[in-house]
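Below: one structure, written as structure tokens.
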Amino acid sequence: MSEEVYLGKGLPGLPEYLLLARDRGDVLFIVGAGASYPVPSSLPDFGGPVADIYRKVDPTVAAAIDTIWTTRKATWENVPGTLSDAQRTE
């Protein structure tokens with residue numbers, strides 16, 4: 845039976861054999877979007893830094909991002925005029 849390894853207070857334990865397999869390159873952990881949000885990790889999301897960059901380089905896109913974030917049930921498709929087709933594919 846493998847020992848459990850705890851990577852931080854309040855985080856679930858991971859089997860040592862699994863971490864050793866990762867270190868050998870025998871296994872790859874794939875984590876989906878949103879894994880950072882819930883407690884206990886509470887890591888920042890990717891969208892915040894992206895929006896900050898756009899605020900500096902393209903205020904039009906930054907405004908569109910802000911509109912999507914602050915409009916209830918908004919998506920790129922249902923808020924007309926938010927971005928051009930070229931900006932969406934960028």
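Take the sequence shown: its position 79, counted from the start at 1, is 923 in my numbering, and no numbers get skipped. C-beta atoms are modelled at their ideal positions from N, C-alpha and C, and glycine is treated no differently.
Give every residue of the same chain whose Cβ lies closer than 6 Å to the Cβ of Ala918, excluding the five residues on either side of it in the sequence, and list them in chain order.
For Ala918, where only same-chain residues beyond five positions count, the Cβ hits under 6 Å are Ile912.
Do Ala895 and Ile909 have their CB atoms nearer than 7 Å?
Cβ distance < 7 Å, so Ala895 and Ile909 count as in contact.
Along the chain, where does the alpha helix (DSSP H) that runs through Glu860 open and close?
First-last of the alpha helix (DSSP H) with Glu860: Glu860 to Arg868.
Note the first and the last residue of the continuous alpha helix (DSSP H) segment covering Lys900.
Run containing Lys900: Gly891 to Val901, per the alpha helix (DSSP H) assignment.
Helix, strand or coil: how does DSSP classify Tyr849 here?
Residue 849 is actually Val in this sequence, not Tyr. Reduced to three states, the DSSP call for Val849 is strand.
Among the residues of its own chain, which have a CB less than 6 Å from the CB of Thr904, if the five just before and after it don't count?
Correct list: empty, nothing qualifies.
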